[in-house]
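If you read the sequence shown in the numbering used here, its first letter stands for residue 22, the second for the next number, and so on. Glycine included, C-beta positions come from ideal geometry on N, C-alpha and C.
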Amino acid sequence: MAKGYWIARIDVRDAERYKDYISTAKPAFEKYGANFLARGGQYHVLEGQARGRNVVIEFPSVQAALDCYNSVEYQAAKAIRITVADGEMLVVEGA
22 MAKGYWIARI DVRDAERYKD YISTAKPAFE KYGANFLARG GQYHVLEGQA
72 RGRNVVIEFP SVQAALDCYN SVEYQAAKAI RITVADGEML VVEGA
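Shown next, in the form of structure tokens:
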């Protein structure tokens with residue numbers, strides 16, 4: 022079974038409130054086996070438009086990645102995130 026990955030590109034508008042998003046999302050990440058591979062570190066723009074924060078999260082499967090996103094726990098966190106940050110998120114299947 023192929024692993025699933027969240028890829029998120031985010032511009033945080035309110036860093037203090039974004040901390041609430043992170044703490045609220047933590048139970049969902051723990052429940053669905055999330056493994057953070059990249060989280061807001063240094064980056065280099067090679068092409069296109071960049072965002073200030075880039076995150077790659079590995080899950081045991083694509084289904085686990087989707088289930089995490091759609092979970093009650095994560096949706097509570099998302100409700101905070103969309104008020105304090107802009108960005109794109111997607112799930113991709115691992116090779």
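Buried or exposed: where does phenylalanine 57 fall if 16 or more other Cβ atoms within 10 Å of its Cβ makes it buried?
exposed
By the 10 Å Cβ neighbour count, where 16 or more other Cβ atoms means buried, how is alanine 29 classified, buried or exposed?
buried
Per-residue DSSP class, three states only, for aspartate 41:
helix
For methionine 22, tell me which candidate among Ser44, Ala85, Leu67, Gly108 has the shortest Cα-Cα distance.
Ala85
Would you grab the beta carbon distance between asparagine 75 and glycine 61 for me? Rounded to a whole angstrom, and I think it's under 8 Å.
7 Å
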